[in-house]
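Chains as they are written, first to last, in our numbering: chain Y, 1 to 101; chain U, 102 to 316.
Every residue gets a Cβ at the ideal spot worked out from N, C-alpha and C, and that includes glycine.
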């Protein structure tokens, strides 16, 4: 099997750098640009429904924790770099997938 | 460093390379976060198998998609030595989000005409991404044929694509990759050891992480 080149298309080249450390007007513009770029994906149909389902189906739940256990949960979440809530949901999902419940 | 491994074409071996690179870096003592940005979540499944087999994956894996991938990766990056993002298969929000935060992009390419055409489409998306984030981009032949001219022809064709470095090294179509993946292992850990697969992966990692310059 041989390799066939695809016909060329003309295009321009624009380069610009960003600085994430300082929240300047420039970075705000970059954030808007980034959002627009992400939203410009040709297969964007997955994004809106996902966000909608998540917002609609997430319910706040009050759970009382032993302080020692809660501290351990917070440390585990911190190690993973995610929120306490996200960590609890992640661990519960794994347990349920493994057959718990 | 944040490394995205992606292509708008599917079936090019993104996840295989992503998990192998994540494990290789973890074995080198780096604290690695593997982000699965693919809706199929193959990297997460691989990690589950690996964790079951070994007790500990050796890296942290999370699944993120769409614009959340950008915000979450930026928040998590300082907590890890390295972040590896597996994205794409199509032009998705996740792929684009990864391009806005990654320092480097690795584009696996199969030595086939359709794949070479897709490289040019990938280059267009990359060019757009560089208006926001000036990332490096490498393309590598993955699943290289054992014989014939297609590998070299594909490299030559892809070299003409602007905005990315087409690597001369290649990852061969070696059974050690799928065999290891089935067991939750990288080619570095899989027994019997495939020295060629190990060497190819090691060379690729050295180039991507600036530990070696390709001649």
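Distance between residue j and residue i (C-alpha atoms, nearest Å)
| i | j | result |
| --- | --- | --- |
| residue 295 of chain U | residue 67 of chain Y | 50 Å |
| residue 287 of chain U | residue 281 of chain U | 6 Å |
| residue 242 of chain U | residue 208 of chain U | 9 Å |
| residue 149 of chain U | residue 99 of chain Y | 14 Å |
| residue 50 of chain Y | residue 297 of chain U | Confidence in residue 50 of chain Y is poor, its pLDDT being 39 and thus under 50, which makes the residue's placement unreliable; the coordinate value appears in the next sentence. Each residue's alpha carbon lies about 42 Å from the other. |
| residue 235 of chain U | residue 251 of chain U | 31 Å |
| residue 308 of chain U | residue 267 of chain U | 12 Å |
| residue 116 of chain U | residue 144 of chain U | 6 Å |
| residue 90 of chain Y | residue 162 of chain U | 11 Å |
| residue 221 of chain U | residue 169 of chain U | 27 Å |
| residue 190 of chain U | residue 65 of chain Y | 42 Å |
| residue 48 of chain Y | residue 283 of chain U | Because the pLDDT at residue 48 of chain Y is just 38, under 50, the model does not fix this residue reliably, and the point stays unresolved. |
| residue 151 of chain U | residue 198 of chain U | 27 Å |
| residue 108 of chain U | residue 206 of chain U | 9 Å |
| residue 223 of chain U | residue 69 of chain Y | 47 Å |
| residue 93 of chain Y | residue 174 of chain U | 21 Å |
| residue 272 of chain U | residue 211 of chain U | 10 Å |
| residue 194 of chain U | residue 38 of chain Y | 5 Å |
| residue 275 of chain U | residue 244 of chain U | 7 Å |
| residue 303 of chain U | residue 30 of chain Y | 36 Å |
| residue 131 of chain U | residue 102 of chain U | 11 Å |
Where residue i meets chain Y, residues with beta-carbon distance less than 8 Å
| i | result |
| --- | --- |
| residue 192 of chain U | 41, 42 and 43 |
| residue 197 of chain U | 37, 38, 40 and 41 |
The ligand MN heavy atom lying under 7 Å from the CB of residue i
| i | result |
| --- | --- |
| residue 210 of chain U | Summarising the ligand content, the structure contains no ligands, and the ligand MN is consequently not present. |
Proximal chain U residues relative to residue i, where beta-carbon distance stays under 7 Å
| i | result |
| --- | --- |
| residue 34 of chain Y | 171, 201 and 233 |
| residue 30 of chain Y | 233 |
Nearest-angstrom beta carbon gap, residue j and residue i [assumed within contact, 8 Å]
| i | j | result |
| --- | --- | --- |
| residue 270 of chain U | residue 305 of chain U | 6 Å |
| residue 176 of chain U | residue 40 of chain Y | Contact flag wrong, Cβ pair sits at about 23 Å. |
| residue 142 of chain U | residue 164 of chain U | 6 Å |
| residue 34 of chain Y | residue 171 of chain U | 6 Å |
| residue 317 of chain U | residue 123 of chain U | Examination of residue 317 of chain U is not possible in this model, given that chain U is present from 102 through 316 alone. |
| residue 105 of chain U | residue 203 of chain U | 4 Å |
Beta-carbon neighbours of residue i, restricted to chain U and to distances below 9 Å
| i | result |
| --- | --- |
| residue 80 of chain Y | 134, 161, 163, 177 and 180 |
Closer than 7 Å at the beta carbon, the chain Y residues around residue i
| i | result |
| --- | --- |
| residue 230 of chain U | 37 |
| residue 168 of chain U | 35 and 38 |
Original post:
If contact means a Cβ-Cβ distance below 7 Å, which residues of the region 272-298 of chain U contact chain Y?
Top reply: none
Would you call the region 182-197 of chain U in contact with the region 134-142 of chain U, where contact means no fewer than 3 C-beta pairs closer than 8 Å? yes
Does the count of Cβ pairs from the region 257-264 of chain U and the region 205-221 of chain U closer than 8 Å reach three? yes
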